[in-house]
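Protein chains in written order, with the working numbering: chain H, 124 to 966; chain G, 47 to 487.
Here a beta-carbon is modelled for each residue, glycine too, at the ideal position from N, C-alpha and C.
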Amino acid sequence: MTVTDGTRAGELEKREDLVTLTIDDVEVSVPKGTLVIRAAELIGVEIPRFCDHPLLDPVGACRQCLVEVPDMGNGRGMPKPQASCTLEVMPGMQIRTQFSSSVADKAQRGQMEFLLINHPLDCPICDKGGECPLQNQAMTRGSGESRFDGVKRTYPKPIRISSQVLLDRERCVLCARCTRFSEQVAGDPFIALVERGALQQVGIYERQPFESYFSGNTIQICPVGALTSSAYRFRSRPFDLVSTPSVGEHDACGSAIRVDHRRGTVMRRLSGDDPEVNEEWITDKDRFAFRYGRGADRLTTPLVRVTDESGASVLRPASWPEAIDAAVEGLRRAGTSVGVLTGGRLTLEDAYAYSKFARTVIGTNDIDFRARPHSSEEAAFLAAVVAGSGVSAEQPGGLRSASFADLEHASSVLMVCFEPEEEAGTVFLRLRKGFRKRGLRSWTIAPFLSPGARKAGAQLIATVPGGEAAAVSDLPDDVFDSLDADSVIIVGERAALQAGTLTAVLRVAEHTGARLAWIPRRAGDRGALDAGCLPTLLPGGRPVADATARVDAASVWGVESLPRGEGRDADEMLTATDDRSLDALVVAGIEPSDFADPAAVRAGLENAGFLISLETRTSEVTERADVVFPVSLVEEREGSFVNWEGRPRPFPTVISKPNALSDLRVLAALADGLGRDLGFRTAGQARSEFAEFAGWDGARVEQPAIDPPSRPEGDHPHLPHLPHWLHRLTTARPGGSPAPGTPLVLAGWRMALDDSRAVRAELDLLDTARRPVARVSPATAERAGLAGRVVVSSDRGSLAFPLEVTEGMVDGVVWVPVNAPGLSVPENLAAGAGDVVHVQAGQ
Amino acid sequence: MADTLTPVLTANWGDERAWKLANYERRDGYQGLRRALTMEPAEVVALVKDSGLRGRGGAGFPTGMKWSFIPQDNPKPKYLVVNADESEPGTCKDIPLMMASPHTLVEGVIISAYAINCHTAFIYVRGEVLHVVRRVQQAVREAYSAGYAGKNILGSGYDLDIVVHAGAGAYICGEETALLDSLEGRRGQPRLRPPFPAVAGLYASPTVINNVESISSVPAIVRGGAEWFSSMGTEKSKGMTIYSLSGHVRNTGQFEAPLGITLRQLLELAGGMREGHRLKFWTPGGSSTPILTPEHLDVPLDYEGVAGVRSMLGTKALQCFDETTSVVRAVLRWTEFYKHESCGKCTPCREGTWWLVQILSRLEAGRGEPGDIEKLLDLCENILGRSFCALGDGATSPISSAIQHFRDEFEAGMHTPAWELFPYEASRRFAPAPATAGAGA
């Protein structure tokens with residue numbers, strides 16, 4: 124476990140408030156407020172403990188860490204042994220641990236003996252056996268034989284605390300780590316200690332089940348085998364596992380994880396320990412969603428499209444050489460008329476390979492990583508101020524980027540189009556920590572105060588979707604005044620949808636000096652941006668349009684020149700296949716349903732004259748492809764993600780499969796086939812070459828300057844007046860009859876657990892997802908006559924949700940989760956936040 | 047020490063309907079409050095400090111000093127909480143006091159609250175004693191209607207609200223920080239200290255927690271003055287207090303006397319042990335205080351005197367057992383109580399009591415095993431001073447003291463059941479209740 128006292132990295136040296144004390148006759152100086160148990164760790168003295176955890180509030184319950192205190196620092200000793208996990212250091216204090224005090228030693232042995240009398244000692248069949256703090260400390264600090272010959276407390280087992288977490292009560296030592304984590308760290312106090320005496324136990328309240336996005340952390344910090352996961356229970360023994368440090372691939376946080384595998388199969392994932400990033404916590408998605416590559420849909424061989432005997436066009440398995448030849452042939456025919464679409468699963472190295480492949484092998488700037496709703500304003504924003512910036516560092520344009528520590532220690536935080544608990548779990552935990560420990564003030568520009576925002580202590584700036592730009596430009600005085608150089612403005616990827624928002628955010632950040640953090644949802648987005656997977660951008664923030672930048676990049680790549688004109692973005696490329704202004708597509712890791720209009724994406728893919736797909740599993744893209752290359756899973760390759768901070772998060776191969784090829788290796792083969800050299804064949808080589816792009820101080824892409832729509836005025840019963848809505852309202856339905864119901868502005872975002880392909884097979888994990896509901900304000904519900912269930916309709920279709928009338932929500936808006944299982948908003952409504960939909964009461 | 051008893055706290059207990067306001071007022075009731083309101087709050091604190099009143103809940107901490115710990119510059123509200131969760135086996139002084147003269151407590155609450163600048167006071171009454179809860183509620187209601195509580199008390203401009211809160215039946219809630227958690231609506235378990243309640247107690251605000259008897263002593267101190275109060279008792283244990291005699295005593299009940307009286311004197315007042323029997327062992331202050339024997343009959347029952355014989359004055363609950371009683375049996379019953387009431391928070395109390403009961407049970411049944419006595423003593427050593435709060439310590443007191451004084455009875459537990467050595471019907475004080483339907487009434 125780590126010692127984290129909440130200081131920023133590097134700040135420790137500056138501290139002057141050190142307290143000097145003596146532990147086992149060794150003098151040690153530690154910051155004021157340090158607990159004795161922590162000070163002892165610094166001199167290599169490990170005091171046994173169960174309830175103590177450096178990231179939880181002290182509780183002093185297990186009494187395992189008793190030490191003798193001959194001098195409190197005031198010349199007086201304590202008559203009784205003291206719990207070192209609750210005792211703060213004092214100048215001149217003297218501590219005697221089990222190593223120098225027979226009293227402390229006996230006290231600790233006594234507590235250990237007590238803890239074991241009601242423990243089943245079923246280590247041989249316990250998941251924790253072999254990595255169990257109770258087992259380990261009993262072996263090192265306990266007595267060899269028990270003096271207890273009585274009757275142990277027993278319970279029926281196990282209890283299902285949630286679909287993911289199971290409790291064997293008789294193993295529990297009642298340290299309250301799990302309940303404290305849930306209450307303090309996650310803010311989900313759905314488990315609590317109930318009953319008393321030896322019958323005390325962890326309990327749940329049936330009407331508020333343990334549906335927390337972070338519940339798996341309780342299993343990991345349980346110092347015994349009382350909490351186990353349904354995914355791992357009885358599957359394996361710790362000593363049979365091989366552990367590899369890795370990085371979570373399910374969001375942009377870059378959380379440190381540990382992957383444990385046995386005989387070529389990943390058995391479980393745990394949180395790693397990285398005080399600067401995710402501390403010791405990860406989301407349940409990062410912990411439990413790792414079996415997505417094991418289904419029948421896993422691609423195992425290349426596929427090429429052929430015409431079968433009946434004349435139908437089908438994909439059939441092919442050898443690698445055959446598939447590569449087919450792909451090369453298709454690309455040769457298309458020449459430079461090839462677009463490259465990359466999605467969020469890519470590592471930095473793969474993204475860099477696509478970026479270089481597009482420029483030097485194909486000769487195009489038609490490349491975009493944004494497999495989701497996007498805009499040209501966003502491209503300008505990302506290229507101008509985000510691409511290539513470091514962690515908590517100066518950015519172009521006088522801006523500064525932020526880190527996890529900056530968030531925790533911020534003077535205030537403003538969130539725009541960003542829901543931390545849903546879109547970046549460990550960011551949420553850090554914001555909540557700042558709120559709990561320091562009273563961090565934060566605001567969120569959103570249609571309602573989500574449960575996650577509330578737990579993080581945020582206040583709502585109630586905003587109709589589409590009104591974000593105006594809200595940012597015209598912040599309430601107290602919010603604006605609180606923004607200073609120690610503040611952080613977080614803007615999420617959804618801001619791309621709302622014209623003018625990113626421009627307004629830039630202006631506020633420039634004006635106030637606040638740090639700026641762009642936090643996307645996917646692990647690969649930030650790396651792809653840095654690698655130049657944008658039509659306007661070369662690696663390291665170099666603008667395509669800048670001749671110096673092109674020369675610079677060309678020299679690194681050893682080519683004569685690079686394509687000059689800015690390329691087309693993802694939407695434009697998908698449209699361009701229709702009129703054949705784009706002949707071929709190379710596509711990796713995208714899902715049509717992630718886009719605003721999935722039908723248009725499918726049409727774009729189908730219209731492509733030649734479609735190459737690099738994918739891990741069959742998908743709507745592979746189904747439509749002419750050549751499909753199976754690429755390795757994250758666990759089968761090495762590489763790195765760049766998290767939202769701009770921090771490189773390298774990870775090694777977990778499971779080595781000789782025939783697994785990464786995207787970049789396939790691209791290198793295609794380049795070979797086209798008679799060019801990609802220049803690297805491994806992630807390491809790609810990384811070294813990419814490193815040469817660091818430190819660009821030349822011209823940047825110009826910052827976006829989109830004027831925000833005017834702030835809504837007037838008191839239309841349902842619709843605030845915003846010109847572009849009226850525009851959409853009048854153009855969205857050519858000739859169609861108006862959908863039934865009250866027109867309301869649509870709001871929504873992706874939930875942490877929804878119908879993403881990564882979690883579809885993880886039924887226990889999905890069971891803890893939030894129930895999909897539609898939300899409207901009480902006034903809107905009343906005016907529109909909504910209750911019970913509602914039907915949300917657009918000209919493309921409709922969706923039914925249970926209604927949850929939400930206090931404090933902005934009027935005239937209906938909020939729905941964007942991608943709940945079976946309730947995809949893009950698929951069924953082809954509408955996004957800010958569009959007008961019709962809502963009526965349903966059955 | 048005074049030879050004649052001059053009851054103060056219990057003076058009106060025999061009055062007709064002593065619990066009614068009018069009857070209380072007839073006995074100078076609320077005169078202390080009237081006087082206190084003419085004083086500065088700090089003067090009241092000083093007066094109580096000067097009187098030498100020490101906490102009657104068991105620990106004996108000077109009451110006035112506790113009040114002076116309240117940081118008056120703290121902007122948060124200050125709270126007074128009366129601990130009326132009397133649950134200690136053998137202890138029965140607060141409940142009779144609240145039944146007989148609830149206004150003594152209510153008046154004490156108002157004066158004490160005034161002294162610490164508190165505007166909301168809580169009386170946390172043990173939940174099982176519904177009749178007491180009702181009586182105190184009624185007294186508070188009467189005090190409100192008479193203008194002793196509420197807004198602008200007696201025209202002084204001082205406001206006080208008094209809330210009577212019923213606990214839910216947990217011994218641990220008599221521990222002051224567990225009581226605060228319970229009062230806040232949480233599960234009662236002791237809190238980590240620091241912060242101490244005087245700094246961050248109820249709702250994280252400065253809080254004084256006092257025993258019923260301590261608070262009830264305040265009106266008399268204000269009326270009679272510090273000098274009068276400190277003229278009673280011994281050098282370091284001033285004033286009068288209530289001793290509760292129970293067990294094999296002829297006339298059990300509450301006996302008010304100056305601190306420092308001896309059990310021999312109290313037994314004389316109570317008519318001695320029951321006919322034909324003699325004292326075997328006794329607790330000075332409830333089951334959590336180490337037991338004493340007839341050789342301690344002349345120990346002055348004040349804080350220092352009892353501490354001098356390695357026990358504690360505690361709540362002055364004198365449970366007296368005669369020679370028919372099995373010490374092993376008595377100790378087992380107490381230990382079963384502690385096992386049942388352990389809150390479960392800390393390991394030694396939770397697991398230790400679970401284990402102790404099992405060893406004591408087999409000793410009672412004559413199936414003790416060699417080494418059991420040493421094991422009991424060692425387990426007690428591993429609990430005492432290692433538990434989170436004092437309740438774990440208390441659980442060990444009867445065991446280690448009983449082994450110290452009556453080791454032979456524990457040794458007999460290796461071969462002979464306690465019920466054979468001490469037939470249980472011989473020590474029965476009351477005929478067993480007939481086992482018929484409706485006996486639960």
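In the structure shown, Gln-808 of chain H adopts helical secondary structure according to DSSP, grouped into three states. Within chain G, the residues whose beta carbon sits less than 8 Å from that of Arg-186 of chain H are Cys-392, Thr-393, Pro-394, Arg-432, Ser-433, Phe-434, listed in sequence order.
A contact is defined here as three or more CB-CB pairs under 8 Å, and the stretch 410 to 423 of chain H meets this definition with respect to the stretch 748 to 762 of chain H. Around the beta carbon of Pro-416 of chain G, a 10 Å sphere encloses fewer than 16 other beta carbons of the protein chains shown; the residue is thus reported as exposed.
In the DSSP assignment, Glu-927 of chain H falls within the beta strand (DSSP E) that extends over 920 to 928. Bridge partners of Arg-772 of chain H according to DSSP: H:Phe-764. When DSSP states are grouped into helix, strand and coil, Lys-139 of chain G belongs to the coil group. With fewer than 16 other beta carbons inside 10 angstroms of its own, Gln-331 of chain H counts as exposed.
With at least 16 other beta carbons inside 10 angstroms of its own, Ile-613 of chain H counts as buried. Look at Arg-300 of chain H: its C-beta is not under 9 Å from any C-beta on chain G. Shown here, Gly-78 of chain G sits in a helix according to DSSP, grouped into three states. Assigned with DSSP and collapsed to three states, Asn-401 of chain H falls in coil, not helix or strand. Going by beta carbons, Ala-272 of chain G and Met-286 of chain G fall outside the 9 Å limit. Taking the C-beta atoms as reference points, Phe-327 of chain G is found nearer than 9 Å to Phe-367 of chain G.
By the Cβ-count criterion, Arg-396 of chain G is buried, with 16 or more other Cβ atoms from all chains shown falling within 10 Å of its own Cβ. Shown in chain order are the members of the stretch 208 to 233 of chain G whose Cβ falls below 9 Å from a Cβ of chain H: Ala-216, Ile-218, Arg-233.
The Cβ of Asp-424 of chain G sits closer than 9 Å to at least one Cβ of chain H. Looking at the backbone, the Cα of Phe-476 of chain G and that of Met-319 of chain G are separated by about 15 Å. The beta carbons of Met-144 of chain G and Val-186 of chain G sit no closer together than 9 Å. Taking a Cβ-Cβ threshold of 8 Å, the residues of chain G close to Gln-234 of chain H are Thr-393, Pro-394, Asn-428, Arg-432, in chain order. Identification of residues in the stretch 342 to 361 of chain H having a C-beta nearer than 8 Å to some C-beta of chain G yields an empty set. Residues of chain G with a Cβ closer than 9 Å to the Cβ of Ala-507 of chain H do not exist, since the nearest Cβ in that chain sits about 48 Å away. Secondary structure of Cys-366 of chain G (DSSP, three-state): strand. Under DSSP, Glu-211 of chain H takes part in a beta bridge, and its partners are H:Leu-158.
Closer than 9 Å to the CB of Lys-203 of chain H there is at least one CB belonging to chain G. Your pair Ser-147 of chain G and Tyr-76 of chain G does not check out as a contact, with CB atoms roughly 12 Å apart and the cut at 8 Å. Residue range 464 to 467 is occupied by the alpha helix (DSSP H) that includes Trp-465 of chain G, with no beta strand (DSSP E) assigned at that position.
Where Arg-906 of chain H is concerned, the enclosing alpha helix (DSSP H) starts and stops at 901 to 907.
Annotation: Thr-220 of chain H has no Cβ neighbours in chain G at a cutoff of 9 Å; minimum Cβ distance is about 15 Å. Here the C-alpha atom of Ala-579 of chain H lies approximately 25 Å from the C-alpha atom of Lys-122 of chain G. Residues of the stretch 311 to 342 of chain G whose Cβ lies closer than 8 Å to any Cβ of chain H: none. Its chain contains Leu-787, Arg-788, Ala-791 as the residues whose beta carbon lies nearer than 8 Å to that of Arg-804 of chain H, once the 5 sequence neighbours on both sides are disregarded; these appear in chain order.
At a Cβ-Cβ threshold of 9 Å, Ala-637 of chain H and Ser-678 of chain H do not count as neighbours. Taking 8 Å as the Cβ-Cβ cut-off, the stretch 170 to 201 of chain H approaches chain G at Pro-181, Val-182, Gly-183, Ala-184, Cys-185, Arg-186, Gln-187, Leu-189, given in chain order.
Around the beta carbon of Arg-873 of chain H, a 10 Å sphere encloses 16 or more other beta carbons of the protein chains shown; the residue is thus reported as buried. In terms of Cβ geometry, Leu-347 of chain G and Val-377 of chain G do not form a close pair [threshold 9 Å].
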